[in-house]
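Line by line, the protein sequences give chains H and U.
Yeah, the first sequence ends on 108 if you go by this note's numbering, and it's all consecutive.
Yeah, the second sequence ends on 253 if you go by this note's numbering, and it's all consecutive.
Structure record follows, encoded as structure tokens.
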Amino acid sequence: MTSLQAVILIALMSVCTFLTRALPFILFPAARKIPPFVVWLGNALPFAIIAMLVVYCLKDVSLKASPHGLPELISIAAVVLLYLWKRSPLLAIAGGTVLHMFLAQAVF
Amino acid sequence: MKNHENPNTQGSGPAGKSLLRQALISAFPRTAPVLTGYIFLGIAFGILLASKGYGVLWALGMSVTVFAGSLQFVGAGLLAGGFHPLQAALITLMVNARHIFYGLSLLESFHGLRKTKFYMIFALTDETFSLLCTPPPAHVDKNLFRLCVAILDHLYWITGSVIGSLMGRALPFNPRGIDFVMTALFTVIFLEQWRTRRGRRPALLGIAAAALCLFVFGSRWFLIPAMALIFTVLAAAWLSGRKRHPAVQKDVA
């Protein structure tokens, strides 16, 4: 990829990110009332989307080929346990990531 | 929440300056968790981007102009692959589609904004959104306070990614496996949402729909059908819920 192509991709990411953030303000100028379904959807969707993103992160993990997703499984278990133990998001994220790097580099 | 502030308080001048200082002083402690998080995640992003062959100027440019944590991790992968602009645009829209619903809950809060509205919408990340959900302190200008939160978060993210990029170059550091930081971040957000109970059914729906579509459509194109499936099931749930309890529409699934 050339530098110009990379700049184009980054510009696209910037513009499209802004679009997702600006869409409600474009669709619902202050005067108009927001339909109740949209309000309800706005409550429910973040939960579903975050769950979907967890799956998205794991999309390229192969269960058939070695190591059969074991580094990911162990590291996610570590994130969950660290979070339940200390209730600290940062500790859970840092601990799980360091463990995953260790597993990916030194064990599997 | 209504905004009755005079939009002119966003201006400069001696009065504006002291208002700004006041807002900054009260905004900083609120952003402390994001300071830690963004520096850490920004460093991870900078290292990841450097590992794909893009140095400090690229990290700086991306963090200034894109400012979307999870997307930038995905974006580092896109930059390492071939030149597929349509795919990059679609993935951005899909990954960030959740931001649409952040904007929906801030329509009223942002109504009084003038000059700063564009930036406030641009800077609406997950973390900034969560800080904006808490009402500003009573004694400060609400809009200036929100602006300070957004700018501080943006600066943390930029600083972290620049530090990470420099570390990735300077240290003999093997970044293999660091991509997991994104998985860990979403897992933690998932757990935090799970604890609130009220969103458990949509959360399970999200996992089930994504896993099913990943199995059926494969890793490259499953995100769009998964979003469509989630939307369809939620719409069906809303319709059936409205039939059964016409008065109760605030509950989530």
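We put the beta carbon where it would ideally sit given N, CA and C, even for glycine.
- Message: I want to see whether chain H comes within less than 8 angstroms of U/W221, judged by CB atoms only; does it?
- Response: no
- Query: Hey, does U/F217 have any beta-carbon neighbour from chain B nearer than 8 angstroms?
  - Reply: Annotation note: the requested chain B is absent from the structure, which comprises protein chains H and U.
- Query: With distances taken from CA atoms, which of U/K142, U/I151, U/S161 is nearest U/Y54?
  - Reply: U/S161
- Would you call the stretch 65-81 of chain U and the stretch 46-53 of chain U touching, i.e. three or more CB-CB distances under 8 angstroms? yes
- Item | Contact with chain U by H/V109, beta-carbon distance below 8 angstroms | In this structure chain H extends from 1 to 108, so residue 109 of chain H is not present and cannot be described.
- Going along the chain, which residues of its own chain have a beta-carbon closer than 6 angstroms to the beta-carbon of U/A253, five neighbours each way excluded? Interpretation of U/A253 is limited by its pLDDT of 43, a score under 50 that renders its predicted location unreliable; the figure taken from the coordinates is listed afterwards. Once the five neighbours on either side are set aside, the close Cβ partners of U/A253 are R201, P202, A237.
- Message: Strictly under 8 angstroms for the Cβ-Cβ distance: is H/K59 near chain U by that measure?
- Response: yes
- Message: Pairs of beta-carbons, one from the stretch 51-61 of chain H and one from the stretch 103-120 of chain U, closer than 8 angstroms: are there three or more?
- Response: no
- Name the residues in the stretch 25-51 of chain H whose C-beta lies less than 8 angstroms from a C-beta of chain U; which are they? F25, F28, A30, I34, P36, F37, V38, V39, W40, L41, G42, N43, A44, L45, P46, F47, A48, I49, I50, A51
- Bounding residues of the alpha helix (DSSP H) (the contiguous stretch that carries U/P85): 85-95
- Message: I'd like to know if U/Q193 contacts chain H, where contact means its C-beta is closer than 8 angstroms to some C-beta of that chain.
- Response: yes
- Give the straight-line distance between the Cα atoms of U/M182 and H/F28, rounded to the nearest whole angstrom. 32 angstroms
- Item | Amino acids of chain H, ordered along the chain, whose beta-carbon sits closer than 8 angstroms to that of U/R176 | M101, A104, Q105
- U/F40 - containing alpha helix (DSSP H), residue span: 32-51
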